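Engineer: Just so you know, we're using the working numbering here: the sequence shown kicks off at 27 and counts up by one.
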Amino acid sequence: FAFLIAAWLLYRRRSTALWLYAAIVLGTLAWAVWETGFDWWELGPRGGIIVLVALWLLTPWARRGLAGPDARAPLILAVLASLAVAGYSMTADPKDIAGELDTDKVIPNANLGNDVPAGEWHYYGRTQFGQRYSPLDQITPDNVAKLQPAWTYRTGDVKGPDDIGETTYQVTPLKIGDTLYICTPHNFAIAIDAASGKEKWRYDPKIKLDKDRQHQTCRGVSYYADAAIAAGQPCAARVYLPTSDARLIALDAANGQVCPAFAEGGTLNLLTNMPYPKSGYYYSTSAPLISGGKIIVGGAVNDNYSTQEPSGVIRAYDVGTGKLLWNWDSGNPDQTTPLAAGQTYTANSPNMWSTPSADEKLGLLYVPLGNQTPDQLGAGRSANVEKFSSSITALDLNTGQLRWVRQTVHHDLWDMDVPAQPSLIDITKPDGTVVPALVGPTKQGDLYVLDRRTGEPVIAVNEVPAPGGAIEG
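#1: Ordered along the chain, which non-local residues of its own chain (more than five positions away) have a Cβ less than 7 Å from that of residue 104?
#2: Threshold first: 3 residues or longer. Then list the beta strand (DSSP E) segments lying entirely within the stretch 354 to 411, N to C.
#3: Within the same chain, show all residues whose beta-carbon is closer than 8 Å to that of residue 366, passing over the 5 residues directly before and after it, in chain order.
#4: Determine contact between the stretch 280 to 293 and the stretch 371 to 387, defined as no fewer than three beta-carbon pairs at a distance below 8 Å.
#5: Tell me whether residue 195 sits in a helix, a strand or coil according to DSSP, three-state version.
#6: Quick one: what's got a C-beta closer than 6 Å to residue 82's C-beta in the same chain, skipping five residues either side?
#7: Sorted by chain position, which residues of the same chain lie with C-beta nearer than 7 Å to residue 7's C-beta, five sequence neighbours on each side aside?
#8: How do the stretch 381 to 398 and the stretch 320 to 327 stand: do at least 3 beta-carbon pairs fall below 8 Å, yes or no?
#9: State whether the stretch 395 to 413 contacts the stretch 302 to 317, with contact taken as three or more CB pairs (one from each stretch) at a distance under 8 Å.
#10: If you run the structure through DSSP and keep just helix, strand and coil, what is residue 466?
#11: Please report the straight-line C-alpha distance between residue 86 and residue 93, rounded to a whole angstrom.
#12: What does the Cβ neighbour count give for residue 147, buried or exposed, with the cut at 16 atoms within 10 Å?
#13: For residue 275, count neighbouring Cβ atoms within 10 angstroms of its own Cβ and tell me buried if that reaches 16, exposed if not.
#14: Looking at C-alpha atoms only, which residue of 433, 397 and 491 is the closest neighbour of residue 466?
#15: In the DSSP output, what is residue 588 paired with across the bridge?
#16: Where does residue 76 fall in DSSP's three states?
#17: Taking the Cβ atom as the reference point for each residue, do residue 75 and residue 54 lie within a distance shorter than 8 Å?
#18: Starting from the N-terminal side, write out each stretch of the alpha helix (DSSP H) that is 4 residues or longer and does not extend beyond the stretch 442 to 466.
#19: Residue range of the beta strand (DSSP E) that residue 480 falls in?
#20: If you drop the 5 nearest sequence neighbours on each side, which residues of the same chain put their C-beta closer than 8 Å to that of residue 114?
#21: Just to confirm, are residue 478 and residue 388 a CB contact at a threshold of 8 Å?
#22: Do you know offhand how far residue 116's Cα is from residue 107's?
#23: Mapping DSSP to helix, strand and coil, what is residue 115?
#24: Would you mind giving the Cβ-Cβ distance between residue 205 and residue 219, rounded to the nearest angstrom? I have them listed as a contact below 8 Å.
#25: Alpha carbon to alpha carbon, how far is residue 245 from residue 311? Give it in angstroms, no decimals.
#26: Quick one, which of 497, 438 and 193 has its alpha-carbon nearest residue 237's?
#27: Could you have a look at residue 551 and say whether DSSP puts it in helix, strand or coil?
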């Protein structure tokens with residue numbers, strides 16, 4: 027209502043319009059700080075446009091012909107107050123909690139999941155549990171400042187003039203024995219001697235650049251030592267390379283040669299059975315998880331490019347042959363039998379662009395899911411999309427059947443998809459009961475602590491309804 031009065035006064039060329047608008051700016055500022063605190067990302071949407079209009083009202087052409095005393099001063103003060111609050115909020119973190127972790131409470135003999143040697147890193151999160159924790163203790167808070175570079179290795183893979191904007195280096199190296207395995211933005215797979223930094227081998231998948239691709243990156247490769255093949259034989263240990271042109275390639279970990287027994291001559295086509303398999307719209311940027319003799323693959327899609335997107339299907343392949351064992355599609359969650367040739371998965375279903383974790387003892391796979399494009403409009407979403415978007419979903423590792431789902435945002439309109447691999451830990455409750463738990467971080471800054479057997483909260487989850495709007499969806 028105050029905006030309408032200010033507009034009417036401006037139409038009547040009264041300088042009191044500036045007085046009233048100054049009051050609107052200050053009132054909005056006070057309300058925004060009261061509601062959100064000094065949080066820039068929440069203050070900006072509440073006052074940004076209002077301050078921009080105030081700046082326009084201070085221009086000579088907006089004030090020309092206004093009757094009455096000069097009213098610039100109150101509006102200038104209101105704008106300066108808003109800019110001061112905005113500037114302070116950019117440097118303040120209202121959600122920051124100062125303090126230090128109590129190292130006395132670290133349990134060095136905790137359940138770290140799979141048996142990985144202390145000085146090695148076999149999975150994206152070190153183990154299938156995704157804990158990202160190393161038990162090494164040589165580097166301490168007391169000596170970390172004394173570290174010196176032992177060697178430097180340059181991949182030579184740099185962003186070129188024809189690359190897309192989001193060409194980034196995000197790899198988490200694997201360390202197996204004395205070798206590091208990495209991938210680069212353009213999907214070169216490289217083996218490096220961990221002691222000297224010298225390159226052992228390099229494989230170039232010769233991907234084609236595509237301007238429609240949203241991300242040009244590789245976050246990691248996967249490793250598997252096949253007990254059925256004698257050590258020293260070709261492809262007894264393999265590195266699996268996901269590529270940004272939707273392939274999964276099996277390489278001999280010893281020399282980087284393609285392993286021809288996997289899929290079609292060593293390469294798996296991830297566009298098989300995909301709806302809308304347009305180049306650049308579906309690709310894998312994250313390391314697949316290998317568990318129970320299966321390699322579990324998800325994929326990224328282009329956000330907000332189209333509503334005719336590829337599927338977010340999760341697929342499990344035999345780690346040796348590349349044969350599809352099961353597929354779980356959140357758009358058709360009850361059907362996990364591999365599709366026949368010519369059939370397609372559900373288009374534009376919520377996807378897993380990061381990496382899952384697994385508990386082989388429970389036989390469960392834990393999948394962090396995103397949401398459907400367009401991210402900011404929910405009109406027309408199906409019941410399955412509403413159920414699985416922005417969730418941690420547990421699947422049977424052997425069959426792909428749904429076991430439970432825990433949503434972190436209902437009817438997500440803010441692109442709050444679950445972005446990270448869940449971590450599996452054991453929690454001892456005050457009564458001595460040990461609960462196999464899962465910790466799932468979210469974009470909201472929340473940590474969901476769930477019983478990984480059932481998906482029920484170990485630590486209470488408080489849900490707060492969000493206000494709706496007039497637009498459908």
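In this text, a Cβ means the ideal position worked out from N, Cα and C, and glycines have one as well.
Bear in mind that the values here come from a model prediction, so they are computed numbers and not experimental data.
Structural biologist: Taking the coordinates as given:
#1: 48, 51, 52 and 80
#2: 383 to 385 and 390 to 394
#3: none
#4: no
#5: coil
#6: 88
#7: Any question about residue 7 goes unanswered here, given that the chain covers just 27 to 499.
#8: yes
#9: no
#10: strand
#11: 14 Å
#12: buried
#13: buried
#14: 433
#15: Outside the shown range of the chain, which is 27 to 499, sits residue 588, and nothing can be said about it.
#16: helix
#17: no
#18: none
#19: Here residue 480 belongs to no beta strand (DSSP E), and DSSP marks it neither H nor E.
#20: 64
#21: yes
#22: 14 Å
#23: helix
#24: 7 Å
#25: 6 Å
#26: 193
#27: Residue 551 falls outside the range modelled here, since the chain spans only 27 to 499, and no answer is possible.
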